[in-house]
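Read the structure below first, then the notes.
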Amino acid sequence: MRNDHVTLRSTAVFDLLAPRSPAVPVQVELRYDTRDPYAVVAAFRTGRAGWVEWVFARDLLADGLIAAAGEGDVRIRPAVDDPEVVVIELSSPSGHAMFEAAAQELADFLDRTYDLIVPGNENLWVSVDDALSHLQSNDLS
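According to our numbering, the stretch in the sequence shown is residues 30 to 170, in order.
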């Protein structure tokens, strides 16, 4: 594990798709933190002060740029009619949302995460002691 942690941030605009309505641009902040090297966070702006965060595997983002990926609440795939667009579907008990994003923008973000931690080396950045301490402190609350 390394002690020189870094948080990578990138802003983007995804288009929220709705049936029979024009796409709505949504500000999104993509984050990658070396303290959680397997995950990517996508924070969606919901209003003046609101954000909704989704956390999913970095590998899911990489796989979804090439082919349909994901079996759970987050699914990512290239758009059928435009290879420069990626479709991101988010599902939860409170609803479902579908977004389109620029494939190149997501690929650039992913490449920047690989500059920090090469795929396959994530385990070198995980501290089992820190993870156990965090779990124990949350269990006591």
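Ideal Cβ positions, reconstructed from N, Cα and C, are used throughout, including at glycine. The structure displayed is predicted, hence computed values, not measured ones.
query: Nearest-angstrom beta carbon gap, ALA126 and LEU119 [assumed within contact, 8 Å]; result: 5 Å
query: Pairwise C-alpha distance: ALA97 and VAL114; result: 13 Å
query: Proximity test, THR40 beta-carbon vs the ligand SAH heavy atom, cut-off 7 Å; result: This structure lacks the ligand SAH; in fact it carries no ligand of any kind.
query: Cα-Cα separation, PRO107 to LEU139; result: 15 Å
query: ASP44, enclosing alpha helix (DSSP H) - first and last residue; result: Element bounds for ASP44: not the alpha helix (DSSP H) but the beta strand (DSSP E), 36–46.
query: As assigned by DSSP and simplified to three states, the class of ALA136; result: helix
query: For GLN165: DSSP bridge partner residues; result: Beta-bridge pairing links GLN165 to no other residue.
query: Residues bridged to ALA62 [DSSP beta-bridge criterion]; result: Looking at the sequence itself, residue 62 is Asp, so the reference to Ala does not match. DSSP lists THR36 as partners of ASP62.
query: DSSP three-state assignment for GLY76, whether helix, strand or coil; result: coil
query: C-alpha gap between ILE105 and TRP154, whole angstroms; result: 26 Å
query: GLY101, enclosing alpha helix (DSSP H) - first and last residue; result: That residue, GLY101, is in no alpha helix (DSSP H); it is neither H nor E in DSSP.
query: Nearest-angstrom beta carbon gap, LEU46 and VAL55 [assumed within contact, 8 Å]; result: At roughly 10 Å, the Cβ-Cβ gap does not stay under 8 Å, so VAL55 and LEU46 are not in contact.
query: Counterpart residues of ILE146 in DSSP-defined beta bridges; result: DSSP lists no partner for ILE146.
query: Proximal residues to ASP62 (C-beta, below 6 Å), its chain only, five neighbours per side dropped; result: THR36
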